[in-house]
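In our numbering, the protein residues as written are 1472 to 1836.
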């Protein structure tokens, strides 16, 4: 069977990488499927999607700023032009189904697709739906979500709880712990703390660890610290005087499965994909939500886990005083770590990409 699938959206990795994972899964099942991505010009999808082997077309659309700006005044005109271009792109490609993953570009494309009578599907990654997905919520055919309680944003009858697609190679950690300890040169009898903050890094987490690293090492904790690009130079100075310590500092982790396999506790932001990975690997997590994420969705993602005793949350503004003490307390509390691990696994939805792909195929047929 040959299908035509249009996938729209992007802006951040949290939108783009699930979209690519969904396309890859459909392609595995139906190799003759033709794909066309639609993104926003100037955003990262215009680079990442072609790198993954897919064609993409860009719209000249931007989001609404939180304060009065010239860009906001121009938004209605850009939206109208994007709707016109979306109609042209849809007419030319003739998709069997249109998928939106959130982000600026998905709004005009999904809206136009529904007006043209084409089946549509939203993939909402977060526990608080983004403004674009809320705009088209009432008219789409199907909504795939990762959290309970999403009927406050979308029609209940159209919701399917599928979870978020994650990178398989990252979460497949079974049987890798011994190898991971060898890779890092760590003692397998002592606890390991993994801290991750994304490609640029998480400033509050980095500063908290900078101030507390000696206390952590002194407590017998081995540390894998992913600093991100912006803290890379400063972190080199931290490592210089601690070369004989069980401390690995890097701006980027290429073998994330090894880091996850070694970890006993993970410090992380609370982006949708990071949270989904943590649920699947089942490690105790301390989440420090990025406070400037759109509509503060990272805090809401973290709260969804905290409410079921599946994670600990430290507010970004409190990280400097609370993060290290929280880790020190958790390291010595084996029963709490066990409870967190058990509960976070209950949120895992490891077949997300496969389930979403099937819903898309069903809509297209």
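Note that CB positions come from ideal geometry on N, CA and C, so glycine has one too.
Check the DSSP bridge columns for residue i and list the partner residues they point to.
i            : result
residue 1758 : 1739, 1784
residue 1477 : 1507, 1569
residue 1613 : 1592
What residue does the alpha helix (DSSP H) around residue i start on, and which one ends it?
i            : result
residue 1650 : 1648 to 1655
residue 1705 : 1703 to 1711
residue 1769 : 1768 to 1777
residue 1631 : Premise fails: residue 1631 lies in the beta strand (DSSP E), 1630 to 1632, not in any alpha helix (DSSP H).
residue 1666 : Where residue 1666 is concerned, there is no enclosing alpha helix (DSSP H), although the beta strand (DSSP E) it sits in stretches over 1663 to 1666.
residue 1676 : 1674 to 1689
residue 1589 : No alpha helix (DSSP H) holds residue 1589; DSSP gives it neither H nor E.
residue 1516 : 1516 to 1522
residue 1791 : 1790 to 1803
residue 1643 : Note, residue 1643: premise wrong, no alpha helix (DSSP H); not H, not E.
residue 1604 : 1602 to 1607
Could you tell me whether any Cβ in chain D is nearer than 9 Å to the Cβ of residue i?
i            : result
residue 1587 : Judged by its chain identifiers, the structure shown contains no chain D, having just a single protein chain.
Buried or exposed: which applies to residue i, given that a residue is buried once 16 or more other Cβ atoms fall within 10 Å of its Cβ?
i            : result
residue 1763 : exposed
residue 1753 : buried
residue 1759 : buried
residue 1824 : buried
residue 1725 : exposed
residue 1514 : buried
residue 1487 : buried
residue 1748 : buried
residue 1496 : buried
residue 1711 : exposed
residue 1500 : exposed
residue 1555 : exposed
residue 1535 : Here residue 1535 scores only 49 on pLDDT, less than 50, and its place in the model should not be relied on; the value that follows carries that caveat. Burial call: exposed.
residue 1562 : exposed
Helix, strand or coil for residue i, going by three-state DSSP, please let me know.
i            : result
residue 1829 : helix
residue 1751 : helix
residue 1820 : coil
residue 1719 : strand
residue 1731 : helix
residue 1638 : coil
residue 1700 : helix
residue 1670 : coil
residue 1483 : coil
residue 1812 : helix
residue 1660 : coil
residue 1724 : coil
residue 1552 : helix
residue 1627 : helix
residue 1501 : coil
residue 1598 : coil
residue 1745 : helix
residue 1619 : coil
What first and last residue would you give for the beta strand (DSSP E) that runs through residue i?
i            : result
residue 1511 : 1505 to 1511
residue 1529 : 1527 to 1530
residue 1695 : 1693 to 1697
Does the distance between the C-beta of residue i and the nearest non-hydrogen atom of the ligand GDP fall short of 8 Å?
i            : result
residue 1764 : With respect to small molecules bound, the structure shown includes none, and the ligand GDP cannot be examined in it.
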